[in-house]
Amino acid sequence: GGGGGGSFIGSGTSGGVTVTLKRNVFTNNSAPSIGSGVFFDEAITASMTNDLVYKNLCSSNGAGIYIDGAGTTGPGSALTMTNVTVANHVCGGSTIHRERASTVVMKNTILHGNTTDLGSDGTGSISATYSKTSLSGTGNITTDPQFVDATNNDFHLKSTAGHFTVGGWVTDATTSPAI
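Numbered per this note's numbering, the sequence shown spans residues 2 to 180.
What follows is the structure, given as structure tokens:
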């Protein structure tokens, strides 16, 4: 118990629920134990698309996202992340934690500035393609994604073609390798 400081997503049963998150920001959340940003519970099938998860407070694993495994013999949860940025979680535990038989699939996802990006226990899997992560996979990179100003929470990617800011359209001297 005690997980899901920003959002607790669970059915109260073991499976049968599908959840889609789009265009959300999870930041400055805390939980007494695990899953400070988002906690997926009890064999949920979930997708996250165009979400930003940053600077959630850490007390244990899953500072950004925790994917629960539905008991010791349960089917696990399944999370697909597309165009998600998970950044700036500075703590002792993992930023994304996968439990037991749960699976995580990342596509075009950026993990950056976290003390420990990924953690897991059990038999499930974590995979990534075209992402900024330490995992091997097609098109993955490990270099700095070159955010516009991560210190001030601007996670747009730099581009010589430009990007929109509050002050209008601006161009950058470099282009992010994540583009």
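Idealized CB from N, CA, C, for every residue including glycine. Being a predicted model, the structure only gives us computed values, none of them experimental.
Environment of residue i [buried if 16+ CB atoms lie within 10 Å]
i: A162; result: exposed
i: G93; result: exposed
i: V171; result: exposed
i: G77; result: buried
i: N62; result: buried
i: I180; result: exposed
i: S126; result: exposed
i: A174; result: exposed
i: T21; result: exposed
i: T124; result: exposed
i: S137; result: exposed
i: T139; result: exposed
i: T166; result: exposed
Endpoints, the beta strand (DSSP E) within which residue i is located
i: A129; result: 126-130
i: S61; result: Here S61 belongs to no beta strand (DSSP E), and DSSP marks it neither H nor E.
i: L119; result: 119-122
i: S8; result: 8-10
i: G140; result: From DSSP, G140 is part of no beta strand (DSSP E); its letter is neither H nor E.
i: I111; result: 111-113
i: K23; result: 19-23
i: T175; result: Looking at the DSSP string, T175 is not in any beta strand (DSSP E), and its letter there is neither H nor E.
i: V149; result: 148-150
i: L158; result: 155-158
i: V167; result: From DSSP, V167 is part of no beta strand (DSSP E); its letter is neither H nor E.
i: T161; result: Counting along the chain, T161 falls outside any beta strand (DSSP E), and DSSP gives it neither H nor E.
Cutoff 7 Å; reference residue i; Cβ partners in own chain excluding five residues on either side
i: D155; result: F148, V149
i: G11; result: D42, E43, I45
i: L53; result: V26, T86, F156
i: S135; result: D118, T143
i: A151; result: A88, N89, G114
Contacting residues, own chain, Cβ-Cβ under 6 Å from residue i (five flanking each side not counted)
i: N89; result: Y55, K56, G114
i: S31; result: G6, S37, L58
i: S177; result: P146, Q147, L158, K159
i: G8; result: Here residue 8 turns out to be Ser, not Gly, going by the sequence shown. Excluding sequence neighbours, S8 sits near V39.
i: S48; result: T21, T81
i: H164; result: H157
Beta-carbon proximity list for residue i, same chain, < 8 Å, skipping 5 on both sides
i: N141; result: A129, T130, Y131, S132, K133, T134
i: N29; result: K56, N57, L58
i: G65; result: F27, S37, G38, V39, V54, Y55, N57, V87, H90, T96, I97, N115
Assess contact between the segment 103-116 and the segment 75-83, defined as three or more Cβ pairs (one per stretch) separated by less than 8 Å. Is contact present?
yes
Under 8 Å: do the segment 57-77 and the segment 96-103 share three or more Cβ pairs, one atom per stretch?
Yes: at least three Cβ pairs fall under 8 Å.
Just to confirm the assignment: which complete beta strand (DSSP E) runs, minimum length 3, are found wholly within the segment 40-105?
You should have 46-50, 53-55, 66-68, 79-83, 86-88, 97-100.
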